[in-house]
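Colleague: Before I ask anything, here is the structure I am working with.
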Amino acid sequence: MSTDTIDLKTRLVADFHAREATINGEASTAFHQKKRAAIAVFDQLGFPTRKNEEWKYSNVKDLVSASYHFNAPSTLTAEDLASLNIPDQNANILYFVNGHYDADLSQIISTSDKIVISSLQQAYQKDPEMVNSYFSAVEGDSDAFTALNTAFAADGVFIHVPKGQVVEHPVILRFISDARQEHVGSQPRNIIAVGENAQVKFAEAFRTVGEQRSFTNVVTEIHMGQHAHVEYYKVQNESDQAYHVGTTEVIMLDNSHFYAATVTLNGKFVRNNLHIRINGEHCDAHMYGLYFPDGTQHVDNHTVADHLKPNSESNELYKGILRDKSKGVFNGKIFVRPDAQKTNAFQSCKNIVLSPEATMNTKPQLEIWADDVKCTHGTTTGQIDEEALFYMRSRGISRQEAMSLLMFAFCADVVSQIKIDSIREYLEGVISDKLTNK
Amino acid sequence: MLSINELRASIEGKEILKGINLEVKPGEVHAIMGPNGSGKSTLASVLAGREEYEVTAGSVAFNGVDLLELAAEERAAEGIFLAFQYPVEIPGVTTINFLKTAVNEIRKYKGENPLDAAQFLKMVREKAKLVRMNDSLLKRALNEGFSGGEKKRNEIFQMAVLEPQLAILDETDSGLDIDALRIVAEGVNSLRSPERSAIVVTHYQRLLDYIVPDYVHVLYKGRIVKSGTKELAMELEEKGYDWIKEEVEALG
Numbered sequence: 006m007s008t009d010t011i012d013l014k015t016r017l018v019a020d021f022h023a024r025e026a027t028i029n030g031e032a033s034t035a036f037h038q039k040k041r042a043a044i045a046v047f048d049q050l051g052f053p054t055r056k057n058e059e060w061k062y063s064n065v066k067d068l069v070s071a072s073y074h075f076n077a078p079s080t081l082t083a084e085d086l087a088s089l090n091i092p093d094q095n096a097n098i099l100y101f102v103n104g105h106y107d108a109d110l111s112q113i114i115s116t117s118d119k120i121v122i123s124s125l126q127q128a129y130q131k132d133p134e135m136v137n138s139y140f141s142a143v144e145g146d147s148d149a150f151t152a153l154n155t156a157f158a159a160d161g162v163f164i165h166v167p168k169g170q171v172v173e174h175p176v177i178l179r180f181i182s183d184a185r186q187e188h189v190g191s192q193p194r195n196i197i198a199v200g201e202n203a204q205v206k207f208a209e210a211f212r213t214v215g216e217q218r219s220f221t222n223v224v225t226e227i228h229m230g231q232h233a234h235v236e237y238y239k240v241q242n243e244s245d246q247a248y249h250v251g252t253t254e255v256i257m258l259d260n261s262h263f264y265a266a267t268v269t270l271n272g273k274f275v276r277n278n279l280h281i282r283i284n285g286e287h288c289d290a291h292m293y294g295l296y297f298p299d300g301t302q303h304v305d306n307h308t309v310a311d312h313l314k315p316n317s318e319s320n321e322l323y324k325g326i327l328r329d330k331s332k333g334v335f336n337g338k339i340f341v342r343p344d345a346q347k348t349n350a351f352q353s354c355k356n357i358v359l360s361p362e363a364t365m366n367t368k369p370q371l372e373i374w375a376d377d378v379k380c381t382h383g384t385t386t387g388q389i390d391e392e393a394l395f396y397m398r399s400r401g402i403s404r405q406e407a408m409s410l411l412m413f414a415f416c417a418d419v420v421s422q423i424k425i426d427s428i429r430e431y432l433e434g435v436i437s438d439k440l441t442n443k
Numbered sequence: 120m121l122s123i124n125e126l127r128a129s130i131e132g133k134e135i136l137k138g139i140n141l142e143v144k145p146g147e148v149h150a151i152m153g154p155n156g157s158g159k160s161t162l163a164s165v166l167a168g169r170e171e172y173e174v175t176a177g178s179v180a181f182n183g184v185d186l187l188e189l190a191a192e193e194r195a196a197e198g199i200f201l202a203f204q205y206p207v208e209i210p211g212v213t214t215i216n217f218l219k220t221a222v223n224e225i226r227k228y229k230g231e232n233p234l235d236a237a238q239f240l241k242m243v244r245e246k247a248k249l250v251r252m253n254d255s256l257l258k259r260a261l262n263e264g265f266s267g268g269e270k271k272r273n274e275i276f277q278m279a280v281l282e283p284q285l286a287i288l289d290e291t292d293s294g295l296d297i298d299a300l301r302i303v304a305e306g307v308n309s310l311r312s313p314e315r316s317a318i319v320v321t322h323y324q325r326l327l328d329y330i331v332p333d334y335v336h337v338l339y340k341g342r343i344v345k346s347g348t349k350e351l352a353m354e355l356e357e358k359g360y361d362w363i364k365e366e367v368e369a370l371g
């Protein structure tokens with residue numbers, strides 16, 4: 006372990022204890038006890054090294070070599086952010102700048118009988134017990150970054166969809182890092198609790214402003230009741246100096262339906278963990294992913310479909326286009342526990358590597374303890390189909406244009422899954438620009 | 120229109136075309152026949168600009184332009200169209216979007232303004248009717264899950280939309296039943312005009328009952344060894360290719 010690694014870790018642990026000394030009565034709450042436990046876990050684990058199997062292909066050395074100003078104040082105004090807007094009059098849009106909720110920039114149009122949307126801080130002040138019942142409830146903090154987030158969780162969103170409510174207006178969370186002056190860090194914590202028979206769509210969209218580094222360590226917990234229906238989209242279009250580690254934990258109960266799409270279009274170093282516990286029968290979980298790195302960018306997706314009960318299905322499709330010297334990592338785990346008979350699990354990861362210097366590491370990982378299950382998985386890594394290119398060129402389409410069409414179509418399999426129109430159209434625009442600029 | 124002179128081409132070091140000479144004038148339909156492996160498809164591929172083939176000698180002029188200097192897409196824009204023996208399936212790209220891109224890329228090449236959506240749709244509907252192409256296929260991904268007949272019809276439909284001066288049909292009849300064959304041939308015939316020419320590459324005479332050629336050439340071992348009119352095709356149908364082979368071998 007390098008001394009730099011120790012530095013950031015030591016600094017963070019010291020920060021935690023310094024802050025703890027100032028919160029007086031708060032320190033005895035159940036909420037804070039979770040944080041205290043989490044910092045102990047982080048202290049013990051430290052930042053992962055490549056000796057850790059889960060981090061074999063993703064080296065955080067560069068990430069931890071700098072120091073970051075966490076939750077730094079920002080002077081960004083609505084005007085500054087205008088060019089980053091993804092306008093949508095039919096959506097609830099919440100802005101977080103350097104981890105702070107910004108009520109002035111945000112628009113909440115749904116009524117609170119349909120959906121309760123607030124910042125985590127507001128929610129905690131209002132009803133600490135309820136927030137605590139969901140906070141860090143899905144996952145024990147066995148991962149250093151998640152533990153770090155739990156220890157420092159200050160703000161983020163808290164969404165509660167009451168039983169039976171079908172939320173018409175999606176919720177779009179905009180996380181902006183203002184890195185114009187200095188290296189900044191934020192650790193948003195989002196809690197989404199969706200009641201029985203309730204339905205909601207929401208998206209997390211990450212951007213960086215400025216040329217300095219940003220480090221985002223985000224954790225989202227999604228708790229689903231029986232018959233709940235959730236669509237969750239994560240969109241990363243950050244700067245070339247953006248470091249992002251994110252974990253999304255999902256727990257599903259009987260007859261619930263979950264759709265996720267994770268789209269990474271830009272960022273220096275990205276690690277996404279998507280962990281779905283299918284703790285119910287007759288559930289279906291869908292995971293789609295798309296990554297499109299260039300330069301020396303690094304994008305790592307780790308997913309887990311954990312089948313705990315019988316008769317459920319998981320379905321996964323991740324796709325990547327890698328250019329220049331970029332690196333991609335995909336690790337897809339499927340666990341089928343002894344009770345989870347009649348599980349159907351499908352996984353596919355397809356990649357186009359456009360440069361001899363780009364690399365893609367794929368690792369499907371199936372662990373099956375039940376005997377009556379259907380699981381398939383497959384990965385492909387290749388180049389653009391030359392026969393298809395020639396076919397298009399023979400009709401008068403230039404090589405460049407033919408490549409763009411083929412790659413756009415390749416991406417469309419994932420992007421078309423996104424059912425929030427404004428987000429999908431935004432992504433189509435960015436992808437199209439990326440395809441024509443090179 | 121097309122003037123092929125002593126054309127030689129090889130793939131992976133193996134010479135396939137060993138000195139082809141062929142003259143195609145406006146309005147003419149030439150059939151290229153020959154046994155399997157004689158170089159028919161290679162000729163079609165070389166004319167369309169497939170890069171795996173290396174042209175080692177000879178020349179090809181198309182309306183006075185040196186065709187061999189042009190990339191595949193430039194040849195298409197100059198008015199050459201290859202109907203594929205095995206049309207490629209392209210998931211995620213609809214036939215209509217594909218063709219719109221093609222039409223506008225060719226217009227750009229010629230210095231013309233792109234067609235707007237309405238103009239394009241109107242034109243495409245007319246052409247679809249002409250070749251009896253089902254509208255619903257246009258919105259589907261290009262050739263994906265199409266039957267053999269639908270794929271070949273789609274080739275002819277694309278040809279109708281792009282209105283090439285020289286169409287090269289590479290074994291368009293292979294894998295088609297007689298009804299599909301008739302529909303494809305009708306499509307080709309409806310596009311015949313005094314300005315447009317075609318090269319029909321085929322193994323069997325069958326297609327030539329429907330697309331009647333002005334000239335028939337027999338390709339064997341990379342050379343045109345016999346040329347004639349449609350009667351030659353009839354003779355080949357009757358007697359097969361062996362007598363041609365024998366004639367060639369006798370000549371040494």
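The listed protein sequences correspond, in order, to chains A and B.
Each number in this note's numbering comes from the position in the first sequence (counting from 1) with 5 added on.
Each number in this note's numbering comes from the position in the second sequence (counting from 1) with 119 added on.
Ideal placement from N, C-alpha and C gives every residue a C-beta, glycine not left out.
Measure from the alpha carbon of Ile139 of chain B to the alpha carbon of each residue in B:Asp298, B:Leu162, B:Phe239 and B:Leu281, then state which is nearest.
Modeller: Of B:Asp298, B:Leu162, B:Phe239 and B:Leu281, the residue nearest in Cα terms is B:Leu162.
Colleague: So does the stretch 328–343 of chain B actually touch the stretch 146–166 of chain B, counting three or more Cβ pairs closer than 8 Å?
Modeller: Because the criterion of three Cβ pairs below 8 Å is met, the stretch 328–343 of chain B and the stretch 146–166 of chain B touch.
Colleague: Contact between the stretch 120–135 of chain B and the stretch 415–430 of chain A: three or more CB pairs below 8 Å?
Modeller: Verdict: no, contact absent.
Colleague: To which residues of the same chain is Ala149 of chain A closer than 7 Å at the C-beta, ignoring the five residues directly before and after it?
Modeller: Excluding sequence neighbours, Ala149 of chain A sits near Phe47, Leu50, Gly51, Phe52 and Pro53.
Colleague: Can you find the residues in the same chain that come closer than 6 Å, C-beta to C-beta, to Thr8 of chain A, ignoring five residues on each side of it along the sequence?
Modeller: Residue confidence for Thr8 of chain A is low, a pLDDT of 46 falling below 50, so the modelled location carries little weight and cannot support an answer.
Colleague: Based on Cα-Cα distance, which residue from A:Lys332, A:Ser353, A:Phe395 and A:Glu430 lies nearest to Tyr172 of chain B?
Modeller: The shortest C-alpha separation from Tyr172 of chain B is found at A:Phe395.
Colleague: What does the Cβ neighbour count give for His188 of chain A, buried or exposed, with the cut at 16 atoms within 10 Å?
Modeller: Its Cβ being crowded by 16 or more others within 10 Å, His188 of chain A is buried.
Colleague: Return the residue from the list B:Leu338, B:Ile343, B:Pro313 and B:Lys349 that minimises the CA-CA distance to Gln324 of chain B.
Modeller: Measuring from the Cα of Gln324 of chain B, the nearest candidate turns out to be B:Lys349.
Colleague: Taking Tyr129 of chain A and Ser111 of chain A to be in contact with their CB atoms under 8 Å, please state how far apart those CB atoms are, rounded to whole angstroms.
Modeller: That belief does not hold up - the Cβ atoms of Tyr129 of chain A and Ser111 of chain A are roughly 18 Å apart, past 8 Å.
Colleague: Closer than 9 Å, CB to CB, is Ile225 of chain B near chain A or not?
Modeller: Output row for Ile225 of chain B: interface = yes.
Colleague: By how many angstroms is the C-alpha of Ile113 of chain A removed from the C-alpha of Arg272 of chain B?
Modeller: If you take the alpha carbons of Arg272 of chain B and Ile113 of chain A, they lie about 53 Å apart.
Colleague: To the nearest angstrom, how far is the alpha carbon of Ser160 of chain B from that of Asp289 of chain B?
Modeller: Distance between the alpha carbons of Ser160 of chain B and Asp289 of chain B is about 6 Å.
Colleague: Counting only beta-carbon separations shorter than 9 Å, does Gly132 of chain B have a partner in chain A?
Modeller: It does not; no Cβ of chain A falls within 9 Å.
Colleague: How is the alpha helix (DSSP H) around Tyr396 of chain A delimited, first residue to last?
Modeller: Element bounds for Tyr396 of chain A: Glu391 to Arg398.
Colleague: With a threshold of 9 Å between beta carbons, is Asp438 of chain A in contact with chain B?
Modeller: Chain B, which has no Cβ nearer than 9 Å to the Cβ of Asp438 of chain A, makes this no.
Colleague: Does chain B have any CB closer than 9 Å to the CB of Phe415 of chain A?
Modeller: Taking Cβ atoms only, chain B reaches closer than 9 Å to Phe415 of chain A, which makes this a yes.
Colleague: Bridge partners of Phe181 of chain B, per DSSP?
Modeller: According to DSSP, which records beta bridges pairwise, Phe181 of chain B is partnered with B:Leu121 and B:Val184.
Colleague: If we ignore side chains and look at the alpha-carbon of each, how far apart do Ala156 of chain A and Val162 of chain A end up?
Modeller: The alpha-carbon atoms of Ala156 of chain A and Val162 of chain A are separated by roughly 16 Å.
Colleague: Going along chain B, which residues have a C-beta under 7 Å from Glu209 of chain A?
Modeller: Correct list: empty, because the minimum Cβ distance to chain B is about 26 Å.
Colleague: How about Tyr228 of chain B: is its Cβ closer than 8 Å to a heavy atom in the ligand ZN?
Modeller: Although the ligand ZN was asked about, the structure shown includes no ligands whatsoever.
Colleague: Contact check, Ala203 of chain A vs Val171 of chain A under 8 Å by CB: the rounded distance?
Modeller: Going by Cβ atoms, the distance from Ala203 of chain A to Val171 of chain A rounds to 7 Å, so yes, they are a contact pair.
Colleague: State yes or no: is the C-beta of Val205 of chain A within less than 9 Å of the C-beta of Ile120 of chain A?
Modeller: A contact, by the Cβ cut-off of 9 Å.
Colleague: Can Ile326 of chain A and Glu372 of chain A be called in contact, C-beta distance under 9 Å?
Modeller: The answer is no: Cβ separation not under 9 Å.
Colleague: What's the gap between the Cα of Leu153 of chain A and the Cα of Glu131 of chain B?
Modeller: Approximately 59 Å between the Cα atoms of the pair.
Colleague: Answer yes or no: do Leu258 of chain A and Ala290 of chain A have a C-beta to C-beta separation smaller than 9 Å?
Modeller: The answer is no: Cβ separation not under 9 Å.
Colleague: Please name the residue, chosen from A:Gly387, A:Asp344 and A:Lys355, that lies closest to Pro361 of chain A on a Cα-to-Cα basis.
Modeller: Among A:Gly387, A:Asp344 and A:Lys355, the Cα nearest to that of Pro361 of chain A is on A:Gly387.
Colleague: Flag this pair as yes or no: are the beta carbons of Thr213 of chain B and Arg259 of chain B separated by less than 9 Å?
Modeller: Result yes, Cβ atoms of Thr213 of chain B and Arg259 of chain B sit closer than 9 Å.
Colleague: Residues of the stretch 381–394 of chain A in Cβ contact with chain B at a cutoff of 7 Å, in chain order, please.
Modeller: Result list: Glu392 and Ala393.
Colleague: Please state whether the Cβ-Cβ distance between Leu68 of chain A and Val250 of chain A is less than 9 Å.
Modeller: Yes, the pair counts as a contact, with Cβ atoms nearer than the cut-off.
Colleague: Evaluate Asn306 of chain A with the Cβ neighbour count: other Cβ atoms within 10 Å of its Cβ, from every protein chain shown; 16 or more gives buried, anything less gives exposed.
Modeller: Buried, since its Cβ has 16 or more Cβ neighbours within 10 Å.
Colleague: Under 9 Å, Cβ to Cβ, is there at least one residue of chain A near Tyr228 of chain B?
Modeller: For Tyr228 of chain B, the answer is yes, since a Cβ of chain A falls inside 9 Å of its Cβ.
Colleague: If we ignore side chains and look at the alpha-carbon of each, how far apart do Glu216 of chain A and Asp245 of chain A end up?
Modeller: Spanning the two alpha carbons is a distance of roughly 8 Å.
Colleague: Compute the Euclidean distance between the alpha carbons of Lys14 of chain A and Ser72 of chain A, then round it to the nearest angstrom.
Modeller: Roughly 10 Å between the two C-alpha positions.
Colleague: List the residues of chain A that Gln238 of chain B touches, going by C-beta distances under 7 Å, in chain order.
Modeller: Those do not exist, as Gln238 of chain B stays about 17 Å from chain A at its closest Cβ, beyond 7 Å.
Colleague: Got a sec, what are the start and stop residues for the beta strand (DSSP E) Arg212 of chain A sits in?
Modeller: Run containing Arg212 of chain A: Gln204 to Val214, per the beta strand (DSSP E) assignment.
Colleague: Would you call the stretch 182–200 of chain B in contact with the stretch 232–240 of chain B, where contact means no fewer than 3 C-beta pairs closer than 8 Å?
Modeller: Result no; under three Cβ-Cβ pairs closer than 8 Å.
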